[in-house]
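Chains as they are written, first to last, in this note's numbering: chain A, 11 to 180; chain B, 36 to 471.
We put the CB at the ideal spot given by N, CA and C, even for glycine.
Keep in mind the model is a prediction, meaning the values are calculated, not measured.
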Amino acid sequence: MKNAMRILFSVLLVAGVAACAKKAVKPTASSDTTPTADTSATNNDGRYKVGDLDTDSCLRQRVVYFDLDRTEIKPEFSAQISCHAEYLRQFPNARVTLEGHADERGTREYNLGLGERRGNAVQSAISSAGASGGQLNVVSYGEERPVDRGHDESAWSKNRRVEIVYTSAN
Amino acid sequence: MNNRNLIRYALSLLLMLGGHAVFAQGLSIDITDGSRTADPIAVVPFAFEGAGLPPETDVSEVLRADLARSGKFFTLAKRDIVEFPTRESEVKYPTWRLLKQNYLVVGRIADAGDGALRVEFELFDVARQSRMIGLAISGQRTAMRDVAHQIADLVYEKILGVRGAFWTRIAYVTSVGLGQNTQYALMVADSDGFNPQVVVRSREPLMSPAWSPDGRRLAYVSFERGNSSIYMQDLSTGSRELLSAQKGINGGPAFSPDGSRLAMNLSYAGNPDIYIMDLASRKTSRVTSHFAIDVEAVWAPDGRSLVFTSDRSGKPQLYEVPVSGGDASRLTFQGQYNARATICCDGKKIAMAQGTGNVYRIAVFDRATGTYSEISPGNVDESPSFAPNGSMVLYAATEGPRGVLYAVSADGRVRQRLVLADGDVREPAWGPFRQR
Chain A
11 MKNAMRILFS VLLVAGVAAC AKKAVKPTAS SDTTPTADTS ATNNDGRYKV
61 GDLDTDSCLR QRVVYFDLDR TEIKPEFSAQ ISCHAEYLRQ FPNARVTLEG
111 HADERGTREY NLGLGERRGN AVQSAISSAG ASGGQLNVVS YGEERPVDRG
161 HDESAWSKNR RVEIVYTSAN
Chain B
36 MNNRNLIRYA LSLLLMLGGH AVFAQGLSID ITDGSRTADP IAVVPFAFEG
86 AGLPPETDVS EVLRADLARS GKFFTLAKRD IVEFPTRESE VKYPTWRLLK
136 QNYLVVGRIA DAGDGALRVE FELFDVARQS RMIGLAISGQ RTAMRDVAHQ
186 IADLVYEKIL GVRGAFWTRI AYVTSVGLGQ NTQYALMVAD SDGFNPQVVV
236 RSREPLMSPA WSPDGRRLAY VSFERGNSSI YMQDLSTGSR ELLSAQKGIN
286 GGPAFSPDGS RLAMNLSYAG NPDIYIMDLA SRKTSRVTSH FAIDVEAVWA
336 PDGRSLVFTS DRSGKPQLYE VPVSGGDASR LTFQGQYNAR ATICCDGKKI
386 AMAQGTGNVY RIAVFDRATG TYSEISPGNV DESPSFAPNG SMVLYAATEG
436 PRGVLYAVSA DGRVRQRLVL ADGDVREPAW GPFRQR
């Protein structure tokens with residue numbers, strides 16, 4: 011029984027990832043169509059609607075996590091990067107602020123620099139996946155806005171992040 | 036709960052309450068190494084000879100605490116003081132020689148008219164049986180802590196030949212609350228943590244306070260505009276100016292020794308580099324141009340070079356560069372992580388946050404000998420700031436969930452925790468000498 015649950019769970023998990031990846035990849039393939047900010051679009055041809063920001067399982071993921079002192083984006087976040095890039099490509103008036111953060115180790119000013127580097131890494135990844143650079147703004151908060159105030163790796167790993175914040179949806 | 040447990044419970048409650056009282060006073064002095072030499076000095080409680088009530092401040096106790104936390108003196112415990120002279124004619128030197136005291140301070144407090152008080156004090160050399168100082172300082176009743184710190188400065192200077200730095204102020208940042216409800220404040224207090232005053236309150240992060248050399252202004256970083264910006268604020272009037280709000284990071288302000296320029300790190304050109312702003316013209320000149328993160332510049336005392344943090348070699352290390360720009364030379368080679376320099380003693384010593392693995396401590400680098408000494412024992416110690424006379428270092432440490440400040444003697448021997456507020460306290464900056 012326990013095993014059955016586990017299998018069911020992992021099937022669901024894979025399905026979720028697949029659904030996410032599918033949506034992200036499909037639009038890129040048909041990218042020759044000029045994207046228009048058609049908010050009423052409800053068809054299922056890989057076009058996003060504005061409401062998808064709240065409902066789409068991939069677009070709802072807005073945090074990219076990083077390893078200690080690292081700024082490169084880990085493979086598990088590539089789907090997230092792609093779907094946000096595609097959304098921004100389809101809605102050229104959408105705007106995003108990338109808020110870069112660091113864990114508490116090291117000095118505050120240096121960590122501002124590190125947070126910015128991470129924000130820049132996400133910015134260039136989203137740009138090269140299709141968004142325009144002008145849609146993306148990077149703000150570093152360094153270690154000033156932790157989500158977990160603990161002093162161990164489990165807290166630190168949650169704090170080393172870039173948050174994708176939509177300041178305009180379309 | 037049986038009786039014995041009840042008693043035990045009551046006892047531990049009392050202990051906790053007792054502990055809390057000490058905590059709230061911010062007077063927990065921690066002598067980490069009592070073996071080294073320090074001058075024994077007895078500070079006899081000052082007599083109050085005025086009319087009415089004595090001042091709220093125990094002047095001689097503030098003086099004694101200053102001398103004790105400097106690391107340069109052993110102060111005689113109150114319970115060991117058996118005679119209470121208030122003036123030279125009452126001093127019996129053999130008593131103090133028997134108590135193995137090198138120095139003795141006595142004093143008395145009298146009315147000075149208009150509600151002010153006059154504190155007369157005398158310092159004696161016990162071995163020579165001679166008076167070294169006999170002075171009076173007057174002040175309002177509410178300013179007795181200032182008077183006590185000024186007396187401590189005079190005693191310190193007379194004995195050690197170095198100007199005291201007790202009558203100085205410190206700036207620091209506090210944060211209270213979590214997440215969206217966090218409240219930040221930039222604070223200024225006396226060097227012993229008393230008299231805290233709010234300079235700025237904000238719902239957005241505040242960072243990196245830096246003193247102007249005349250002690251009248253603070254430069255700091257605020258996120259109130261949605262991104263880091265550098266402000267300069269006059270402490271007496273509260274008026275402030277926005278100095279830098281470029282795209283990207285605007286951080287790490289540091290006044291030049293003559294107060295005319297401000298070093299800062301800006302990232303609008305792509306990544307953080309060091310710049311200098313001329314405060315009269317507001318023009319900036321670029322000092323470093325490197326793809327690495329260059330931050331936290333501080334001025335050499337002669338104003339000719341800057342020491343800053345850069346990760347151009349991989350991990351953060353300290354570098355020095357002429358203010359006119361040019362090649363930067365690496366200063367630190369020991370330790371994986373060396374950052375946030377503070378300079379003292381004519382540029383001969385540099386304190387920094389030194390990290391190895393997950394442990395960050397304050398280390399002092401002696402440029403002449405090339406040696407390092409670790410002066411803090413914590414795991415997340417950072418933001419060192421030298422007292423203007425180099426005698427002590429203020430730094431931020433983490434205790435449980437909160438940040439606290441410590442003042443440690445420059446040799447690391449004596450450490451005192453300054454309890455300043457509830458919540459998180461960090462980024463101390465020790466202000467300059469004040470004008471008497």
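Enumerate in chain order the residues of its own chain whose CB-to-CB distance from residue i is below 7 Å, with the five nearest sequence positions on each side excluded.
i                     : result
residue 466 (chain B) : 203, 204, 205, 206, 246, 250
residue 95 (chain A)  : 136, 139, 140, 141
residue 155 (chain A) : 111
residue 380 (chain B) : 425
Quick one: residues in its chain with C-beta nearer than 8 Å to the C-beta of residue i, no 5 flanking neighbours on either side, listed in chain order?
i                     : result
residue 364 (chain B) : 354, 355, 356
residue 315 (chain B) : 295
residue 392 (chain B) : 371
residue 333 (chain B) : 289, 298, 341, 342, 343, 376, 377, 378
residue 323 (chain B) : 308, 309, 329, 343, 345, 356, 360, 363
residue 463 (chain B) : 205, 206, 207, 418, 420, 429, 430, 431, 440
Cβ of residue i within 8 Å of Cβ of residue j?
i                     : j                     : result
residue 229 (chain B) : residue 144 (chain B) : no
residue 342 (chain B) : residue 106 (chain B) : no
residue 138 (chain B) : residue 74 (chain B)  : yes
residue 417 (chain B) : residue 65 (chain A)  : no
residue 252 (chain B) : residue 278 (chain B) : no
residue 125 (chain A) : residue 151 (chain A) : yes
residue 360 (chain B) : residue 119 (chain A) : no
residue 106 (chain A) : residue 129 (chain A) : no
residue 430 (chain B) : residue 411 (chain B) : yes
residue 193 (chain B) : residue 172 (chain B) : no
Let me make sure I understand the geometry here. Which of the options has the alpha-carbon closest to that of residue i?
i                     : options                    : result
residue 136 (chain B) : B:117, B:219, B:77         : B:77
residue 94 (chain B)  : B:348, B:161, B:378, B:152 : B:152
residue 331 (chain B) : B:318, B:289, B:366        : B:289
residue 459 (chain B) : B:432, B:468, B:407        : B:432
residue 400 (chain B) : B:374, B:116, B:160        : B:374
residue 413 (chain B) : B:398, B:425, B:402, B:422 : B:398
residue 268 (chain B) : B:283, B:306, B:222, B:300 : B:222
residue 434 (chain B) : A:106, A:159, A:170        : A:159
residue 469 (chain B) : B:196, B:282, B:181        : B:181
residue 265 (chain B) : B:366, B:317, B:471, B:445 : B:317
residue 132 (chain A) : A:86, A:71, A:82           : A:82
residue 234 (chain B) : B:164, B:209, B:248        : B:209
residue 88 (chain A)  : A:163, A:162, A:134, A:146 : A:134
residue 386 (chain B) : B:409, B:148, B:394, B:404 : B:409
residue 254 (chain B) : B:218, B:291, B:92         : B:291
Please go through the same chain and pick out, in chain order, the residues whose beta-carbon is closer than 6 Å to the beta-carbon of residue i, but skip the five residues on each side of it.
i                     : result
residue 186 (chain B) : 98, 156
residue 321 (chain B) : 310
residue 141 (chain B) : 79, 120, 121, 157
residue 83 (chain B)  : 89, 144
residue 109 (chain B) : 73, 75
residue 402 (chain B) : 383
residue 113 (chain A) : 166, 169, 170
residue 242 (chain B) : 256
residue 345 (chain B) : 327, 329, 354
residue 422 (chain B) : 200, 465
residue 60 (chain B)  : Because the pLDDT at residue 60 (chain B) is just 37, under 50, the model does not fix this residue reliably, and the value given afterwards should be weighed accordingly. Cβ within range, chain order: n/a, list empty.
If you count every other CB in all the chains shown that lies within 10 Å of the CB of residue i, and 16 or more means buried, which is it?
i                     : result
residue 158 (chain B) : buried
residue 121 (chain A) : buried
residue 546 (chain B) : Nothing about residue 546 (chain B) can be read from this structure; chain B reaches only from 36 to 471.
residue 337 (chain B) : exposed
residue 133 (chain B) : exposed
residue 258 (chain B) : buried
residue 86 (chain B)  : exposed
residue 174 (chain B) : buried
residue 146 (chain A) : buried
residue 61 (chain A)  : exposed
Using the DSSP secondary-structure output, state which residues sit across from residue i in a beta bridge.
i                     : result
residue 155 (chain B) : B:143, B:171
residue 206 (chain B) : B:223, B:464
residue 379 (chain B) : B:384
residue 171 (chain A) : A:75
residue 286 (chain B) : B:300
residue 264 (chain B) : B:257
residue 312 (chain B) : B:297, B:319
residue 397 (chain B) : B:388
residue 77 (chain B)  : B:139
residue 216 (chain B) : DSSP output for residue 216 (chain B) lists no bridge partner at all.
residue 439 (chain B) : B:432
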